[in-house]
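Below: the structure, in structure tokens.
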Amino acid sequence: MDYRLSPHPNHPQDPSDTPAAELRDARHPDHLEDVCAAVRLLRDEHGVGDGEYVLAGHSAGATLACQLLLRHQQQRVPLPAAVLGVSGIYSLPLLVRTCGPYYEAFVRGAFGGAENWDAASPALLRTGGGDGDDEGAAASARWPRDVLAVLAWSADDTLIPASETDAMAERLRGEDGVDVVVYKGLTGEHDAVWSEGHQLAKAVGITLDALAKR
């Protein structure tokens, strides 16, 4: 699945001579809407229903996968059997506090000002309000208990700290009462986990094994 990208102050584009497909001008929730559109296409064109797929994402893709689960009722998408988040970003305020100004620049480009960050952070989005959306959306911001959550991370990752995975696991276990599989045994740098297929395959294998044991 692909999704539109957001601007970055260090990499400006001129809209007048940038092809539309390459223009980075998306802002949350544009990215999420693109992913949901892809899942709905799988449902409509290929008959994929609830519990018939695994939704996996790396880095920002893990953010989107978790956002989709917490917003599935509004997005009207079939639920996966499991969500696998690999080296994910789950708390934008925590990420910016931990990693500093460079990270703040791309977070602002994708999500706007800090007043928007909690509502876009899967680890912080709570039920019962305070997320910047309507009351119905806030009330449904809960992880479905029959959807397995797997969070994987590499100790060699110097771009996304372990605290992101820890924050998401704490939210799922506390707010939603969900059993979470946390695996920090992946190896390699942040991008290598995705680009070197054997690490991603390992995370998928852990997810399938956990599903088989349910």
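For the sequence shown, this note's numbering begins at 2 and goes up steadily by one.
Even glycine gets a Cβ: it sits at the ideal position worked out from N, Cα and C.
For W118, the uninterrupted alpha helix (DSSP H) run begins and ends at 118–121, by DSSP. Using a Cβ distance threshold of 8 Å, L70 and V151 do not count as a contacting pair. A straight-line Cα-Cα distance of about 14 Å links S92 and R109. A straight line joining the alpha-carbon of R98 with that of S164 spans about 11 Å. The C-alpha of T19 is placed about 19 Å away from the C-alpha of A111. When the Cα atoms are used, D51 and D177 turn out to be separated by approximately 20 Å.
In this structure, DSSP gives S196 a helical state, which the three-state scheme calls helix. Proximity to A156 across E190, A170, V182, E171 peaks at E190, based on C-alpha coordinates.
Only residues of its own chain outside the window of five on either side were considered, and among them L69, Q76, V78 have a CB closer than 7 Å to the CB of C37, listed in chain order. A Cβ-Cβ contact shorter than 8 Å links C67 with P123.
When secondary structure is reduced to three states using DSSP, K203 falls in the helix class. If you keep only unbroken beta strand (DSSP E) runs of at least 3 residues inside the stretch 14–88, you get 55–59, 83–87. If you look at A150, you'll find it in the beta strand (DSSP E) that goes 149–155.
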